[in-house]
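Asker: Let me give you the structure first, and then I'll get to my questions.
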Amino acid sequence: MTQVKKGAVRQVVTRKMQRYSLLKAGAALIFICGFVAVLFNSDPLPGVRKAALRHRRKAQSLQQDAVERDFRNPVETFDNNVEQKDPNAGRKFTLELSSLKDGASGKIVIETKPSWAPLGVQRFHELMEDKFYDQAKFFRILPDFIVQFGISADSKKTKPSRIKDEVEGFKQTNSRGTVTFAMAGKNSRTCQLFINTRTDGNAFLDEQGFAPIGEVIVGMDVVDAIYDVYREKPDQGQIQTRGNEYLDKEFPLLSYISKSYENGKAQAPPDQN
């Protein structure tokens, strides 16, 4: 009888221990779940999180600034796509000629070549912009050799200063149609020019330092029609002293440049006076 009671007591204790263990396990599970919930709702590493937020804000600010700069200065964004001008590209000028053979008129187009003679091209551009050659006459014509011009029609116009010879030396032969500054020695180029008219060119001038600055690309037939009867009779000293007053009186049939302008640029309206 005593043994039965002991067994019953042991069973009761065992059940109590089991229930206690279950309660402990449940409490532990609830605690773990609560702890996880707290972690999700709080920042376990506040320093790391703040640094990440600062980095994100900085990146967004930089992106916004870049967009604003592109909007304010759109050209800067496309610099690589802008067509760059060739520094060796020349300019084209039209000369309208009057009093050709049989009283005809015509036009020639000269294209400058800076890569051939940069100093000479620069001087020619300056003279053309100044309309220096307007009304100037072709005062020296040697058939199948050259036609020469370049002394101002107005004797009161200041004669340009001399320019130096080309630094890099000679680059282009005096072939037919090339335009070259006349000179009387080293570093003596001023304003006089000649056009080579010989069919085979004048290569012998190369060795003397005559450097072409450009070429006639339109109108060599007009150049060939320049009045050539007077040849070398006009006196250059008289032209420089008296201008067209001297030529009109002594050599009235000389061909001349009635008008000059750069191609592609608006021309001034004709004088109504």
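For what it's worth, my numbering labels the leading residue of the sequence shown as 80, then goes sequentially. Ideal Cβ positions, reconstructed from N, Cα and C, are used throughout, including at glycine.
Starting from L221, follow its DSSP beta bridges and name the residues at the other end.
Answerer: L221 is bridged to I225.
Asker: Rounded to whole angstroms, how far is the Cβ of N342 from the Cβ of T237, which I believe are closer than 8 Å?
Answerer: At roughly 27 Å, the Cβ-Cβ gap does not stay under 8 Å, so N342 and T237 are not in contact.
Asker: Going by the DSSP bridge assignment, what does N275 pair with across the sheet?
Answerer: Answer is I225, bridged to N275.
Asker: Inspect the beta-carbon positions of I225 and R277 and report whether they are closer than 9 Å.
Answerer: Taking 9 Å as the Cβ cut-off, I225 and R277 qualify as a contacting pair.
Asker: When you compare only the Cα positions, how much space is there between V308 and A196?
Answerer: Looking at the two C-alpha atoms, the distance is approximately 32 Å.
Asker: Quick one: what does DSSP say L176 is sitting in, helix, strand or coil?
Answerer: Correct three-state label for L176: strand.
Asker: Between the beta-carbon of K192 and the beta-carbon of E294, is there less than 9 Å?
Answerer: Yes; because the gap between Cβ atoms is below 9 Å, this pair is in contact.
Asker: Alpha carbon to alpha carbon, how far is L176 from N281? Give it in angstroms, no decimals.
Answerer: Rounded to whole angstroms, N281 to L176 spans 24 Å at the Cα level.
Asker: Would you identify the three-state DSSP class for R268, choosing helix, strand or coil?
Answerer: Three-state DSSP puts R268 in a strand.
Asker: Go ahead and label S231 buried or exposed: buried means 16 or more other beta carbons lie within 10 angstroms of its beta carbon, across all protein chains shown.
Answerer: By the neighbour-count rule (16 or more Cβ atoms within 10 Å), S231 is buried.
Asker: What does the Cβ neighbour count give for A183, buried or exposed, with the cut at 16 atoms within 10 Å?
Answerer: Result: exposed.
Asker: Buried or exposed: where does Q320 fall if 16 or more other Cβ atoms within 10 Å of its Cβ makes it buried?
Answerer: The amino acid at residue 320 is misidentified as Gln; the sequence shows Thr. Exposed is the call here.
Asker: Closer than 8 Å to a non-hydrogen atom of the ligand GTP - does that hold for the CB of Y212?
Answerer: This structure does not include the ligand GTP; it has no bound ligands of any sort.
Asker: Need the endpoints of the alpha helix (DSSP H) that F203 sits in, please.
Answerer: That run of the alpha helix (DSSP H) goes 197 to 208.
Asker: Just curious, the beta strand (DSSP E) that E190 is in, first and last residue?
Answerer: Its beta strand (DSSP E) spans residues 185 to 191.
Asker: Which residue wins for smallest C-alpha separation from D300, given the options Q317, N275, D213?
Answerer: Nearest C-alpha to D300: N275.
Asker: Taking DSSP's pairing of strands, which residues face Y335 in a bridge?
Answerer: Paired residues: S177, K216.
Asker: Out of D223, D327, L221, I220, state which residue places its alpha-carbon closest to the alpha-carbon of D233.
Answerer: Comparing Cα positions, the closest option is D327.
Asker: May I ask you to list the residues that DSSP assigns as paired with Y340?
Answerer: Looking at the DSSP assignment, Y340 forms a beta bridge with T173.
Asker: What residues are listed by DSSP as bridge partners for G293?
Answerer: Note: G293 sits in a beta bridge opposite T191, V258.
Asker: Determine the direct distance from the alpha carbon of Q227 to that of P313, and round the result to whole angstroms.
Answerer: Distance between the alpha carbons of P313 and Q227 is about 11 Å.
Asker: Go ahead and label A263 buried or exposed: buried means 16 or more other beta carbons lie within 10 angstroms of its beta carbon, across all protein chains shown.
Answerer: By the neighbour-count rule (16 or more Cβ atoms within 10 Å), A263 is not buried but exposed.
Asker: Please state whether the Cβ-Cβ distance between E190 and P239 is less than 9 Å.
Answerer: Against a cut-off of 9 Å, the Cβ pair of P239 and E190 comes out as no contact.
Asker: For T320, report the span of its alpha helix (DSSP H) as first-last.
Answerer: It spans 315 to 321 - the alpha helix (DSSP H) in which T320 sits, taken as one unbroken run.
Asker: Looking at the unbroken alpha helix (DSSP H) that takes in D300, where does it start and where does it end?
Answerer: Unbroken alpha helix (DSSP H) run through D300: 299 to 303.
Asker: I need the straight-line Cα distance from E147 to K338, nearest angstrom please.
Answerer: A caution first: E147 carries a pLDDT of 43, below 50, which makes its placement in the model too unreliable to give a value.
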